[in-house]
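Residue numbers (the numbering used here), protein chains in the order written: chain R, 1 to 388; chain P, 1 to 132.
Every residue gets a Cβ at the ideal spot worked out from N, C-alpha and C, and that includes glycine.
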Amino acid sequence: MKNPAYIVGAFEHPTRKAETKSTAQLHAEVAYGALQDAGLQASDIDGYFCAGDAPGMGGLSMIDYMGLNKLRHYDTTESGGSSYVIHVGHAVEAILQGKCNVALITLAGRPRAEGMQTGTAVRSMGVGVPDESFEIPYGRTIATMHAMVATRHMYEFGTTSEQLAWIKVAASTHAQYNPHAMLPKVVTVEDVVNSPMVADPLHRLDCCVISDGGGALIVARPEIAKSLNRPKVGVKGWGEAYKHQNAGGIDLTYSAAAMSGPMAYEKAKVKPSDIKYASIYDSFTISVLVQLEDLGFCEKGKGGQFVQDGGLISGVGKLPFNTDGGGLCNNHPSNRGGMTKVIEAVRQARGEAHPKVQVPNADLVLANGKGGNLGTRHGCGTVILERE
Amino acid sequence: MATQAFDRTPQAPAESPDNKPYFDGCREGKLILGKCKDTGKLFHYPRHVSPFTLSNNVEFVEAKGTGEIYSWSVARGKEPFCVAYVKLDEGPIMLTNIIECDLDALKCGQKVKVKFKATEGDGAPVPMFVLA
């Protein structure tokens with residue numbers, strides 16, 4: 001046991017449209033699923049991590065709902081879809097500091113059942129948000145703000161729509177083997193670039209799905225991981241970083257992964273070329289491209305060449321990614337994809353991904369989450385997992 | 001192909017004591033930037049705190065209202081319009097809309113100039129840009 005903590009339980013909710021379940025119920029169901037996966041009991045949980053999708057004040061209502069009564073550590077770090085990747089790092093640190101032994105992380109939501117127009121509606125985060133007075137009058141959406149990252153990438157580096165489309169092609173190639181995937185049909189580059197334009201230069205098939213569901217992880221100290229009858233997946237490296245509009249000094253060519261990635265590599269004492277599989281946050285195709293560059297899998301500006309011709313397809317390309325189909329094809333529960341990124345990375349490290357997409361000897365894998373908006377404010381969390 | 005930008009009426013900005021100098025400027029047809037007096041650096045969006053030093057040693061200065069498109073996108077739909085980041089000649093980049101333009105002919109680097117646009121109700125007008 002050579003890592004500071006281990007992901008001993010991982011569970012992804014199979015639902016994609018939860019019309020008959022509450023958000024709290026989904027949180028509890030994924031928590032139970034992760035406990036079952038680990039071979040632990042609810043009474044073993046002494047640390048709880050959740051983010052803004054948990055109903056109530058922070059996690060207090062979920063602690064109440066789930067009847068967690070042995071908690072001695074609690075963390076509600078909210079960084080949108082990257083929260084759960086960041087929580088993994090926080091859980092490891094809490095375990096290292098003796099604050100808890102068994103940390104539960106949950107995510108759940110039902111935007112699809114609620115009819116949410118996630119990417120194309122002008123949304124406010126509430127009253128008194130200082131930046132919104134300078135943004136909402138302009139009708140900005142998640143889609144247009146990510147699209148501007150793509151426009152600038154194309155302008156500076158010559159990236160093409162066809163290259164972005166290869167990211168969706170790879171995700172769909174993997175999704176065909178996932179019986180739960182919302183979009184299991186394999187698509188071509190032509191399908192993507194001929195799909196309706198949503199926000200220039202992003203087409204409908206450059207965008208992730210809107211789905212219900214959730215997921216949970218259990219992070220435990222080495223002694224506990226050793227006692228369980230599951231593959232040993234250690235957290236070897238972790239990092240988190242935040243990027244914003246920098247007082248108007250905006251540079252759309254990179255994400256916070258340019259900072260969180262190096263932190264994780266340094267802790268793990270590995271380099272990008274050592275990574276056998278990567279889960280990359282895929283709210284849009286462009287999100288993936290920018291993170292791949294920032295995580296050092298290719299040079300800045302060369303992401304288009306890296307992903308084209310199947311560069312991300314398992315068994316074909318240099319870096320198999322999102323073998324569950326990712327947010328582009330599988331699911332994006334609660335509009336927050338970081339949890340499912342870690343879960344598929346755990347499956348790969350355990351050798352429990354679908355046989356058609358399992359990477360041989362995936363003993364070193366990476367998951368990166370991005371939450372918030374790539375074009376304004378966001379946080380990234382990176383974790384590097386090692387199968388022992 | 002040419003697609004004329006839809007002439008939308010923007011939602012009124014939420015005004016507060018913190019952003020009052022900016023929207024007071026908008027009502028007078030002036031585009032306001034924040035200036036940190038500790039460092040001499042300009043910033044957008046204007047606020048009463050320096051995003052460089054966190055001190056309140058700031059002032060509000062008028063920008064020329066000219067710049068170039070740093071990046072852009074078009075929200076497609078029945079009423080298409082352009083969302084853009086414009087790099088002001090003074091340096092800071094601001095979120096805005098490019099209006100009165102052909103949405104199929106936009107490019108990064110195009111020169112633009114400010115044009116204030118009325119918002120819903122009695123909201124402050126907001127700076128948008130037209131091709132220069």
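Buried versus exposed, by CB contacts within 10 Å (16 or more), residue i
i              : result
G98 (chain R)  : exposed
Q348 (chain R) : buried
V383 (chain R) : buried
D212 (chain R) : buried
G372 (chain R) : buried
R387 (chain R) : buried
R27 (chain P)  : exposed
V129 (chain R) : exposed
S255 (chain R) : buried
Q117 (chain R) : exposed
V127 (chain R) : exposed
N369 (chain R) : The amino acid occupying residue 369 (chain R) in the given sequence is Gly; Asn does not appear at that position. G369 (chain R) is buried by the Cβ-count criterion.
D46 (chain R)  : buried
G65 (chain P)  : buried
L107 (chain R) : buried
T23 (chain R)  : buried
N69 (chain R)  : exposed
For residue j and residue i, believed in contact at Cβ under 8 Å, the rounded distance
i              : j              : result
L88 (chain P)  : M94 (chain P)  : 7 Å
A38 (chain R)  : G9 (chain R)   : 3 Å
G310 (chain R) : Q163 (chain R) : Contact flag wrong, Cβ pair sits at about 12 Å.
A353 (chain R) : S279 (chain R) : A353 (chain R) to S279 (chain R), Cβ: 11 Å. No contact.
L328 (chain R) : K168 (chain R) : 5 Å
Element boundaries [beta strand (DSSP E), containing residue i]
i              : result
T151 (chain R) : Counting along the chain, T151 (chain R) falls outside any beta strand (DSSP E), though it belongs to the alpha helix (DSSP H) covering I142 to F157.
T96 (chain P)  : I93 to I98
F81 (chain P)  : F81 to L88
T285 (chain R) : Unbroken run through T285 (chain R) is the alpha helix (DSSP H), T285 to D294; no beta strand (DSSP E).
P127 (chain P) : V126 to L131
F49 (chain R)  : G47 to F49
A216 (chain R) : G213 to A220
G372 (chain R) : L364 to G372
F6 (chain P)   : Premise fails: F6 (chain P) is in no beta strand (DSSP E) and is neither H nor E.
Backbone secondary structure at residue i - three-state DSSP
i              : result
R347 (chain R) : helix
Y265 (chain R) : helix
T382 (chain R) : strand
H332 (chain R) : coil
G325 (chain R) : coil
C36 (chain P)  : strand
A5 (chain R)   : coil
K99 (chain R)  : coil
F116 (chain P) : strand
V127 (chain R) : coil
G303 (chain R) : helix
I69 (chain P)  : strand
N246 (chain R) : helix
Y277 (chain R) : strand
S82 (chain R)  : coil
F60 (chain P)  : strand
K340 (chain R) : The amino acid occupying residue 340 (chain R) in the given sequence is Thr; Lys does not appear at that position. Helix at T340 (chain R).
F134 (chain R) : helix
D53 (chain R)  : coil
K226 (chain R) : helix
G237 (chain R) : strand
Alpha-carbon to alpha-carbon, residue j and residue i
i              : j              : result
V338 (chain R) : S83 (chain R)  : Rather than Val, the amino acid found at residue 338 (chain R) in this sequence is Gly. If you take the alpha carbons of G338 (chain R) and S83 (chain R), they lie about 7 Å apart.
Y85 (chain P)  : G109 (chain P) : 11 Å
A150 (chain R) : Q358 (chain R) : 30 Å
H48 (chain P)  : L42 (chain P)  : 13 Å
F129 (chain P) : I32 (chain P)  : 14 Å
S260 (chain R) : H378 (chain R) : 12 Å
E135 (chain R) : Y155 (chain R) : 23 Å
I99 (chain P)  : C82 (chain P)  : 7 Å
N57 (chain P)  : H44 (chain P)  : 15 Å
K271 (chain R) : T323 (chain R) : 21 Å
C207 (chain R) : D38 (chain P)  : 43 Å
S314 (chain R) : S71 (chain P)  : 34 Å
E132 (chain R) : G56 (chain R)  : 24 Å
T144 (chain R) : T96 (chain P)  : 12 Å
Q245 (chain R) : L40 (chain R)  : 43 Å
Start and end residues, alpha helix (DSSP H) containing residue i
i              : result
P201 (chain R) : Neither: P201 (chain R) is in no alpha helix (DSSP H) and is coded neither H nor E.
G25 (chain P)  : K20 to R27
H73 (chain R)  : Counting along the chain, H73 (chain R) falls outside any alpha helix (DSSP H), though it belongs to the beta strand (DSSP E) covering H73 to D75.
E190 (chain R) : V189 to V193
V30 (chain R)  : T23 to A38
E162 (chain R) : S161 to A175
M66 (chain R)  : L60 to M66
Residue i CB to nearest heavy atom of the ligand FMN below 6 Å
i             : result
Q97 (chain R) : The ligand FMN is absent from the structure shown, which contains no ligands of any kind.
Any chain A beta carbon closer than 7 Å to residue i
i             : result
H44 (chain P) : Among the chains of the structure shown, chain A does not appear; the protein chains present are R and P.
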